[in-house]
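*Asks:* Here the protein sequences come in this chain order: A and B.
Okay, so the first sequence: first residue is 1 according to this note's numbering, each after it adds one.
Okay, so the second sequence: first residue is 129 according to this note's numbering, each after it adds one.
Beta carbons are placed, not taken as given, at the ideal position from N, Cα and C, and that holds for glycine.
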Amino acid sequence: MYPSELKYTKNHEFIRPLGDGTAMVGITSYAQEALGDVVFVDLPEVGAAFAAGDEFGTVESVKTVSEIFMPAAGEILEINEELEAHPEYVNEDAFGKGWMVKLKLTGALGPELLDAASYQRLVEEESH
Amino acid sequence: MTELQMTPLNAVHRALGAKMVDFGGWDMPVQYPSGILAEHLAVRTRVGLFDVSHMGEIRVKGPQAMAFLDWLTPNAVTRLAVGQIHYTAFLTDRGTFVDDLLLHKLSDQEFLLVVNASNIDKDFAWVAGHAARWEVTVANESSATGQVALQGPLSLAVLQPLVDIDLAGIKYYWFAFGRFQDLPVMIARTGYTGEDGYEVYCPAASTERVWNAIMASGAPHGLIPAGLGCRNTLRLEARMSLYGHEIDDASNALEADLGWIVKLQKGDFVGRDALVRIKEQGLERKVVGFRMLEKRDIARDHMDVLIDGRKAGQVTSGAPSPTCGCNLGLCYVPLSHAEPGSRIEISIRGKACPAEIVPTPFYKRAK
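1) Using 8 Å as the cut-off, can you tell me whether the region 149–163 of chain B makes contact with the region 287–303 of chain B, which would need three or more C-beta pairs spanning the two stretches below that distance?
2) From what residue to what residue does the beta strand (DSSP E) around B/Lys-407 run?
3) Name the two residues that bound the continuous beta strand (DSSP E) containing B/Arg-359.
4) With 16 other CB atoms within 10 Å as the buried threshold, where does B/Arg-459 fall?
5) Within 7 Å of any Cβ in chain B, is that where the Cβ of A/Asp-37 sits?
6) Looking at chain C, which residues of the region 46–72 of chain A have a Cβ within less than 9 Å of any of its Cβ atoms?
7) Going by C-alpha distance, which of B/Ala-139, B/Gly-176, B/Ala-143 is nearest B/Asp-358?
8) For the alpha helix (DSSP H) that A/Thr-9 lies in, which residues bound it at each end?
9) Measuring straight from C-alpha to C-alpha, what distance separates B/Arg-263 and B/Trp-199?
10) Verify the CB distance criterion: does B/Gly-274 have a CB-CB separation below 7 Å to chain A?
11) Which residues in chain B have a C-beta closer than 8 Å to the C-beta of A/Asp-42? List them in chain order.
12) Considering only C-alpha positions, which residue in the set B/Gln-393, B/Leu-290, B/Leu-169 is nearest to B/Val-328?
13) Going by CA-CA distance only, name the one from B/Val-266, B/His-182, B/Asp-429 that's closest to B/Ala-193.
14) Restricting to runs no shorter than 4 residues, where is the alpha helix (DSSP H) found entirely within the region 14–102 of chain A?
15) How many Å lie between B/Ala-427 and B/Gly-457 at the Cα?
16) Does B/Phe-196 come out as helix, strand or coil in the three-state DSSP assignment?
17) Can you tell me the Cα-Cα spacing of B/Val-242 and B/Leu-231, whole angstroms?
18) Once you ignore the five residues that flank B/Ala-253 on each side, which residues in its own chain have a CB closer than 7 Å to its CB?
19) If you scan the region 304–375 of chain B from start to end, which runs of the beta strand (DSSP E) of 3 or more residues do you find wholly inside it?
20) Can you give me the C-alpha to C-alpha distance between A/Ser-61 and B/Pro-191, rounded to a whole angstrom?
21) For B/Glu-412, count neighbouring Cβ atoms within 10 angstroms of its own Cβ and tell me buried if that reaches 16, exposed if not.
22) At a CB distance below 9 Å, what residues from the region 157–169 of chain B approach chain A? Give them in sequence order.
23) Can you check which of these residues, B/Gln-442, B/Asp-436, B/Lys-479, B/Ala-143, is closest to B/Val-461 by C-alpha distance?
24) Taking CB distances under 7 Å as the criterion, tell me whether B/Pro-353 reaches chain A.
25) Is the shortest distance between the beta-carbon of B/Gly-145 and the beta-carbons of chain A less than 7 Å?
26) Flag B/Pro-331 as yes if its beta-carbon sits less than 7 Å from any beta-carbon of chain A, otherwise no.
27) Closer than 7 Å by C-beta to B/Pro-468: which residues in its own chain qualify, once you throw out the five before and the five after it? Chain order, please.
28) Check each residue of the region 401–431 of chain B: if its Cβ is closer than 7 Å to any Cβ of chain A, include it; give the result in chain order.
29) With contact counted as at least three CB pairs below 8 Å, one residue from each stretch, are the region 242–251 of chain B and the region 417–436 of chain B in contact?
30) By the criterion of Cβ-Cβ separation under 8 Å, what are the contact partners of B/Gly-357 in chain A?
31) With DSSP as the reference, label B/Asn-244 as helix, strand or coil.
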């Protein structure tokens, strides 16, 4: 049910490796569901560099606010500027047009990242 | 952790796909699949249905019921007509809040008090404890009573076909008894959203029937179920206080900007001496509304209010306002900064973000 080409964090971010040393990052469909209607996504500047696990932004919903953390080390190549006018894309299509940043990876993906099946189990545990 | 309490509609919410949360010890729907924004908009423009069965009902009866409640609460109970409701509070002898409530006058000798769910036991003990020297009986009818709130401009159209009461004839903050289909109900023209609407009180065991009948009647009008998430954004826009936020046992009725429910001239009541003293000395702080000046800054509950870079108060409620499209909140500030136009800052994740004091309510419906 979660896309198998993605890797996931325990904090409910996803990373989509594009095969050319870059990757897209966002929050999972489970995360957007938990947050409810997203009204603002605060993203870093292009060029900013992060280590895996670093906080890189915040997602504000009507109800609450949540920090978002880097699934892997990298440098910001691009941010999804569409989210400025359309934060609801995160709710509508978290893995697609709700993506948040594109990264130039500066290291390998860590072993702490979950595959789709493991992430599915994590979500099932958390929903109980 | 103790078991969460459930309203008679718990299974209905789950079947509707609601996201359930622990709300003051109650397992309640924060939102349905439509989401907070859609639910908020439905109530502002059409109609939404809330389960508020968690609210508490305390009945006070007896020859001295009116005199007792006039002494126990700050608003003027003797001025109410039969069938009328007012907003009031239980105050401590320091003038701070035990709870806020709606007081319904059924007769000179019978009143129904509707209190916050999380305070039911405390409130019942408070009322019963003060009742000893009065000729009254106090009954906690909370678990026997179901309650739904139909809110929004189309409320009358949705509810009227189901009841034998002329709903247009019930004025704002009045109530009437009648039949909902064949069920005995009490219907009050009240709510916690800033919109027109009705609150239907029924036997707990019949709540699901009432809910389902209203949902069916409302379908052609675009009625959707509405959760506590939008209830909070709606009440915030309407500048209605929430216990545990704007009001609690550390905030007094005058600084909470609820002086209008405090009738100091009516004679003695619990909390009066303290409030007279506070009024003489002057307030130190007050609840005010504010608007964030940057679109990206959203104030949240408990964030610090800064004046000249120093902590000067706290946000009691803060959220994006779906109706105004800006980010609003309520906070305590020193009186020096309570006038509309005053500038403050809200500390959002360590950053001082500019805000302006604005008049409240933020939203007022067209009459």
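*Replies:* In terms of the structure at hand:
1) no
2) Looking at the DSSP string, B/Lys-407 is not in any beta strand (DSSP E); the run it does join, the alpha helix (DSSP H), is 400–409.
3) It is not in any beta strand (DSSP E) - B/Arg-359 instead sits in the alpha helix (DSSP H) that spans 356–365.
4) In the sequence on display, residue 459 of chain B carries Cys and not Arg. By the 10 Å Cβ count, B/Cys-459 comes out buried.
5) yes
6) Among the chains of the structure shown, chain C does not appear; the protein chains present are A and B.
7) Per the sequence shown, the amino acid found at residue 358 of chain B is Cys instead of Asp. For B/Cys-358, the nearest C-alpha among the options comes from B/Gly-176.
8) Unbroken run through A/Thr-9: none, as it is neither H nor E.
9) The sequence shown places Glu at residue 263 of chain B, rather than the Arg named in the question. If I take the Cα positions, the gap works out to 13 Å.
10) no
11) Arg-424
12) B/Leu-290
13) B/Val-266
14) 29–35, 82–85, 89–92
15) 7 Å
16) helix
17) 7 Å
18) none
19) 311–316, 325–331
20) 52 Å
21) exposed
22) Val-158, Gln-159, Gly-163, Ile-164, Leu-165, Ala-166, His-168
23) B/Gln-442
24) no
25) no
26) no
27) Ile-485, Val-486, Pro-487
28) Arg-424, Ile-426, Arg-428
29) no
30) Gly-36, Val-62, Lys-63
31) coil
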